[in-house]
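Reading through the structure tokens given below for one structure.
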Ligand code: PMP
């Protein structure tokens, strides 16, 4: 989290907008909260350059909740949806989709597992299903560190739905190619257990089945993301994060910074003569999550232990892939990547 946002939150816990009442205490039906919500929606629209025909929703529950709500809203009984499997979160979405609508088919036009998830499908590598209700994909894969540099191509006229949880606003979004983009808030937007859902109005206006209101994106849209008591603190935090990202130069600037941070680490991996081995093919490397291994698990462990002692924390790879993972989310400054790069060079010198 960026320090200016944390400082503002500290103030807002005690006194929001000079009201003498904190964000946790304000009613969600009063003018002060109306402003919080309006500012969050408006700043999200500006930061994301979100077109007017897209609704901006704050939905309680994380990205996993959306993995159930998306098929419930969009996938009719007996229908088909395409889910390229590029790793743990897209695989999770496949399971959730099958459980949410057992009568439908979740088609998997790309099975990344066969390639140890070392890449995302190249253009022409998968055959999308004609007439699918939608295609769901995960744009940045946090475990093996792969990313779609351009969105996958669904069959003609099939809406594209993107899980951007681990990279939202780390680069601009091409709205002409997407019908829905969603993200759990904890990585780039602040507080866990809430999701930002940006969806084209015509996609969500008529859910394919009758749904309880909390499960219906259209209910969230018509009732301004406050069907019930909303996660006001998380929404306010997301609003502050949007404004912080705007003040720093917006998604294009974060793309530039994230690419610069990642280049420092990938340069070392590529120049290490095999001492460090990336898990992702170079053409689909993620600038946000950089996953690599050393020659043995023992050396991986030594790397992580020594890094932790050098105050470089959280470098253990995901349990599915092992090895090392450096996560360079938007709030990570260049100095963080520089410190890691310098540690990697030293470690190689001592152990290579
Ligand atoms: N999708 C992606 C790409 C993720 O990185 C994560 C984890 N933050 C999730 C989904 C799951 O999110 P949540 O724990 O909020 O359900």
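Residue numbers (this note's numbering): 326 to 677.
Ideal Cβ positions, reconstructed from N, Cα and C, are used throughout, including at glycine.
Nothing here was measured: the structure is a model prediction, and the numbers come from that model.
Each residue's CA atom was taken as its position, placing residue 620 and residue 444 some 21 Å apart. C-alpha of residue 475 to C-alpha of residue 442: approximately 17 Å in a straight line.
For residue 348, the CB contacts under 7 Å within the same chain, skipping 5 residues up- and downstream, are 337, 338, 341, 557, 558 and 561 in chain order.
Between residue 330 and residue 569, the CB-CB gap stays under 9 Å. Under the Cβ criterion (8 Å, minimum of three pairs), the region 449-463 counts as touching the region 480-493. Between residue 615 and residue 590 the beta-carbon gap is near 5 Å, inside 8 Å, which marks them as a contact. Separation of the CB atoms of residue 555 and residue 385 is rounded to 7 Å, and the pair is thereby assigned contact status at 8 Å.
For residue 408 against residue 433, the beta-carbon gap comes to about 6 Å, under 8 Å, which counts as contact. Inter-segment contact for the region 519-534 and the region 370-383 is present: three or more beta-carbon pairs are separated by less than 8 Å. Spanning the alpha carbons of residue 367 and residue 538 requires a straight line of approximately 24 Å. When DSSP reads this structure, residue 385 sits in a beta bridge with 519. Annotated three-state conformation of residue 368 is helix, per DSSP. Assignment of residue 351 by DSSP, reduced to helix, strand and coil, places it in the coil class. Looking at the DSSP output, residue 582 sits in no beta bridge, so it has no partner there. About 10 Å separates the beta carbons of residue 508 and residue 498, which is beyond the 8 Å limit, so they are not a contact pair. Judged by DSSP in its simplified three-state form, residue 653 adopts coil rather than helix or strand. Boundaries cannot be given for residue 451, as no alpha helix (DSSP H) includes it and DSSP labels it neither H nor E.
Rounded to whole angstroms, residue 607 and residue 540 show a C-alpha spacing of 39 Å. Using a cutoff of 8 Å, the CB of residue 563 does not count as near ligand 1, since none of the ligand's heavy atoms is closer than that. Residue 641 has its alpha-carbon roughly 6 Å from the corresponding atom of residue 629. For the set 403, 655, 518 and 436, the Cα lying nearest the Cα of residue 457 is the one of 403. By the Cβ neighbour-count rule, residue 426 is buried, with 16 or more other Cβ atoms within 10 Å of its own. By the 16-neighbour rule on beta-carbons within 10 angstroms, residue 412 is buried.
Beta-bridge partners assigned by DSSP to residue 461: 486. Each residue's CA atom was taken as its position, placing residue 387 and residue 414 some 12 Å apart.
Looking at the backbone, the Cα of residue 454 and that of residue 514 are separated by about 33 Å. Under the DSSP assignment, residue 335 falls in the alpha helix (DSSP H) whose first and last residues are 328-339.
In this structure, the straight-line span from the alpha carbon of residue 635 to that of residue 596 is close to 23 Å.
Nearest Cα to residue 517 within the set 389, 675, 422 and 360: 389.
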